[in-house]
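The numbering of the sequence shown is this note's numbering, which starts it at 6 and goes up by one.
A virtual CB, placed ideally from N, CA and C, is assigned to each residue, including glycine.
Here's the structure, in structure tokens; my notes come after.
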Amino acid sequence: MMRVDAAYVEEKIGIEADSKRWHATDVRFEDDREKRARAAALGWTILAVTYRQVTTRPAWVGRTVAAARDAARRAS
């Protein structure tokens with residue numbers, strides 16, 4: 006089982022809001038890559054956005070998520 010910050014399970018889309026506080030160390034960086042590789046192997050798309058993007062550009066984040074969901078629905 007893997008944890009992401011938010012998910013659309015039906016479309017197999019996970020969203021990770023990365024910040025320097027929690028993802029800047031070498032170990033965390035490596036862990037993130039491993040988690041995303043495992044997710045991809047299971048057919049999931051992980052959208053990695055930054056905390057700053059979420060807080061300063063929420064409309065862009067929303068459009069990006071919506072586009073990913075639309076693409077996933079078309080592919081199924």
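Under the three-state reduction of DSSP, Val-14 is assigned to coil, being neither helix nor strand.
The C-alpha of Ile-20 lies about 8 Å from the C-alpha of Val-70. Rounded to the nearest whole angstrom, the CA to CA distance from Thr-60 to Gly-67 is 11 Å. In this structure, the CA atom of Trp-65 is about 16 Å from the CA atom of Asp-23.
The distance from the Cβ of Ala-77 to that of Lys-17 is about 7 Å, consistent with a contact at the 8 Å cut-off.
When the beta-carbon positions are compared, Ala-73 and Leu-47 stay at least 8 Å from each other.
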